[in-house]
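Protein chains in written order, with the numbering used here: chain G, 979 to 1199; chain X, 979 to 1199.
Don't be surprised by glycine CBs; every beta carbon is placed ideally from N, CA and C.
Quick caveat, the model's predicted, so the values are computed rather than measured.
The next block holds one structure in the form of structure tokens; read it before the comments.
There are 2 protein chains.
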Amino acid sequence: MPLESVDISQTASAASIIFEALKKAIIEGEIKEAAPLRQDEIAKMFNTSRIPVREAILRLEEHGLVKSQRYKGAVVSTLSSKEASEIFDFRAVLEPHVIRAAVQKMTPATLAKARAYCEAFYTEADPMKWGDLNRQFHATLYNASGLAYHLEAIDGALNRIDRYLRAQLVLSDGMARANDEHMQIQAACERRDADRAAELTERHILGARDSLLTHLSSIGG
Amino acid sequence: MPLESVDISQTASAASIIFEALKKAIIEGEIKEAAPLRQDEIAKMFNTSRIPVREAILRLEEHGLVKSQRYKGAVVSTLSSKEASEIFDFRAVLEPHVIRAAVQKMTPATLAKARAYCEAFYTEADPMKWGDLNRQFHATLYNASGLAYHLEAIDGALNRIDRYLRAQLVLSDGMARANDEHMQIQAACERRDADRAAELTERHILGARDSLLTHLSSIGG
DNA sequence: AGATTGAATATTGGATACAATTTTGCTTAG
DNA sequence: CTAAGCAAAATTGTATCCAATATTCAATCT
């Protein structure tokens, strides 16, 4: 009998571990905008030298999550409301295209998984988890497209505005409206109505953008 | 009298210099697909240690230009025709959107500069320069949009398929057709016909994609 | 001959040490 | 008391060295 082929997923490099940890912390806003990233400090947190820390920070910079100046170090990137708005527009161009391509390829398993995330989003009480469930719902549908490059671009865009998305969800009726729209998108996918799914997706994104922008300007952005 | 504000562009770090050099070499195909990047070898070329080389390679990896495995090193990313096709589609979604937004904002200077690139593209005899002139023509028009995030995404996509674009231009009538289409796009922008400019841009991209794909399949891709 | 093992070599990942530059904080002249 | 200037500390960028892993290749066995 053949031996169990144990998938020894070779332990990731220290640099990768630090990169993922910092990325998560920045995306979720645990490290605030404009906060400096001190190499020594981070190295001590992970019990490593500064070398892997530097590599992690470089990778973050290529993703636009931090901005660094020679001999001055890296700070978490800030995002003006204008820049955030442009990223919403970027998504509003790409995501309808992707879901249109995805609808024909969604399997029953895809739709079941998306429905599960949709319902989890609806029933989840903890606002901290809304952001993840929201992204997982959309990603499940988009993944069916098989458009890896598009998906990566969308993911990068979402990472840049993740904290704004979370903020938007907890606004007055942000969560309720998002949930309504999710259910409509899910329904359109289930009846294989690609045009409608694309239209709803575009409105979903542009609506979130407008809701966020009016809020930001009302509080003195 | 105020001192001449000499823009002391502080000398870039070694890592940045190496990054830019490798990026250019990979994009232009000087380093071929799947070729390994040996840290020691590159370090000697630039008379540095391996540290800045590693940082440069990491940045390349974040841009998808190389793929590296732990303890095995980095190789130049390969691109299947399917992946290349997806990137053309990605551009075909974004670029029409960007030029539509740009048309209203193009100044006479913008249009003059674009026209100059367009004509230079037409008159240039050296095929090695066609790729750059092509990109500069389009970039000049797109820049007027002010959509920095979109422009960056388009630039990244172009970098991934740059060598395929060059190959497509030197195909039978690739150059002639590209030139025709450029002149039409330029004309549409000058009469501020955003819809037409967007339509032409989409066709320009999808036409190049199809031309390339039929060529690749004909030579046994 | 072909496959297998194991040492030697090559290559990458990370730690430590040093150089270049910025930032801080004290001192002092006005 | 404030501003300028300089020394000290802090911080980043790079070089050198060691550790971990992969690759090569000769020796051996079937």
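Next on the checklist: So, with DSSP's three-state summary, where would you put SER1063/G?
Outcome noted: helix
Checklist entry - Out of curiosity, what's the CA-to-CA distance linking ALA1080/X and MET1023/X? => result 42 angstroms
Checklist entry - So, using beta-carbon positions, are SER1189/X and GLN1162/X closer together than 8 angstroms? => result In this structure, SER1189/X lies away from GLN1162/X, with their beta-carbon atoms at least 8 angstroms apart.
Checklist entry - Whose CA, out of ALA1103/G, ILE1065/G, MET1084/G and ARG1078/G, lies closest to the CA of VAL1076/X? => result The shortest Cα separation from VAL1076/X among ALA1103/G, ILE1065/G, MET1084/G and ARG1078/G belongs to ILE1065/G.
Item to check | Other residues of its chain near VAL1148/X: CB distance less than 6 angstroms, five sequence neighbours each side excluded | outcome: Cβ within range, chain order: PRO1105.
Next on the checklist: So that I know if they touch, is there some Cβ in chain X lying closer than 8 angstroms to that of ILE986/G?
Outcome noted: Confidence at ILE986/G is low in this model, with a pLDDT of 49, below 50, so its placement is unreliable and the value that follows should be read with caution. No, no contact with chain X.
Checklist entry - Quick one, which residues of the stretch 1060 to 1083 of chain G are near chain X if we go by CB-CB under 8 angstroms, in chain order? => result Listed by position, the residues of the stretch 1060 to 1083 of chain G near chain X (Cβ gap below 8 angstroms) are GLU1061, GLU1064, ILE1065, ASP1067, PHE1068, VAL1071, LEU1072 and HIS1075.
Item to check | Bounding residues of the alpha helix (DSSP H) (the contiguous stretch that carries LYS1001/G) | outcome: 992 to 1005
Next on the checklist: Per the DSSP calculation, SER1027/X is bridged to which residue(s)?
Outcome noted: Among the bridge pairs identified by DSSP, SER1027/X is matched with none.
Item to check | Closer than 8 angstroms to chain G by CB, HIS1041/X | outcome: Chain G places a beta carbon closer than 8 angstroms to that of HIS1041/X, counting this residue as a contact.
Checklist entry - Taking only beta-carbon atoms, is HIS1160/X less than 8 angstroms away from chain G? => result no
Checklist entry - So, is the C-beta of SER991/X closer than 8 angstroms to a C-beta in chain G? => result yes
Next on the checklist: If distances are taken between C-alpha atoms only, which option among ARG1048/X, ASN1025/X, ALA1052/X and SER991/X comes closest to ILE1004/X?
Outcome noted: ALA1052/X
Checklist entry - Which first and last residues belong to the alpha helix (DSSP H) in which ALA1103/X is found? => result That residue, ALA1103/X, is in no alpha helix (DSSP H); it is neither H nor E in DSSP.
Next on the checklist: If I follow the unbroken alpha helix (DSSP H) through SER1189/G, where does it start and stop?
Outcome noted: For SER1189/G, the uninterrupted alpha helix (DSSP H) segment begins and ends at 1172 to 1196.
Item to check | GLY1042/G, enclosing alpha helix (DSSP H) - first and last residue | outcome: Premise fails: GLY1042/G is in no alpha helix (DSSP H) and is neither H nor E.
Checklist entry - Considering only C-alpha positions, which residue in the set VAL1054/G, LEU1129/G and THR1026/G is nearest to LEU1015/G? => result VAL1054/G
Checklist entry - Per the contact definition of three or more C-beta pairs closer than 8 angstroms, is the stretch 1088 to 1098 of chain G in contact with the stretch 1111 to 1118 of chain G? => result yes
Item to check | Own chain residues within Cβ distance below 6 angstroms of GLU1011/X, not counting five before or after | outcome: VAL1054 and THR1056
Checklist entry - Just reading off the beta strand (DSSP E) that ALA1052/G is part of, what are its end residues? => result 1051 to 1054
Checklist entry - Taking Cβ positions only, does LEU1036/X come closer than 8 angstroms to chain G? => result yes
Checklist entry - Taking DSSP as the reference, what is the three-state secondary structure of LEU1119/X? => result helix
Item to check | DSSP state of LEU1015/G mapped onto helix, strand, coil | outcome: Reduced to three states, the DSSP call for LEU1015/G is strand.
Checklist entry - Counting Cβ pairs closer than 8 angstroms, one from the stretch 1163 to 1172 of chain G and one from the stretch 1027 to 1035 of chain G, do we hit at least three? => result no
Checklist entry - Under the rule that 16 or more other beta-carbon atoms within 10 Å means buried, what is GLN1164/G, buried or exposed? => result buried
Next on the checklist: By the three-class DSSP mapping on this structure, what secondary structure does VAL1148/X have?
Outcome noted: coil
Checklist entry - Which of helix, strand or coil does DSSP assign to ARG1093/G? => result Correct three-state label for ARG1093/G: helix.
Checklist entry - Run through DSSP, which three-state label would GLN1114/G get? => result Three-state result, GLN1114/G: helix.
Checklist entry - In three-state DSSP terms, what is THR989/X? => result Correct three-state label for THR989/X: coil.
Item to check | Local conformation of THR1088/G per DSSP, three classes | outcome: helix
Checklist entry - Roughly how far, in whole angstroms, is the beta-carbon of ALA1166/G from the beta-carbon of ARG1155/G, given that I think they are within contact range, below 8 angstroms? => result Their Cβ separation, rounded to whole angstroms, is 17 angstroms, which puts ALA1166/G and ARG1155/G out of contact at 8 angstroms.
Checklist entry - TYR1127/X versus chain G: which residues are under 9 angstroms apart at the beta carbon? => result GLY1042, GLU1061, GLU1064, ILE1065, ASP1067, PHE1068, ALA1135 and ARG1138
Checklist entry - Using a beta-carbon distance below 8 angstroms, is GLU1033/X in contact with chain G? => result yes
Next on the checklist: I'd like to know whether the C-beta atoms of LEU1129/G and VAL1071/X end up nearer to each other than 8 angstroms.
Outcome noted: No, the Cβ-Cβ distance between LEU1129/G and VAL1071/X is not below 8 angstroms.
Checklist entry - Is it the case that the Cβ atoms of GLY1109/X and HIS1041/X are separated by a distance below 8 angstroms? => result no
Item to check | Given TYR1100/G as reference, the closest of ILE1029/G, SER994/G and ASP1151/G once Cα atoms are compared | outcome: Residue ASP1151/G is the option with its Cα nearest to TYR1100/G.
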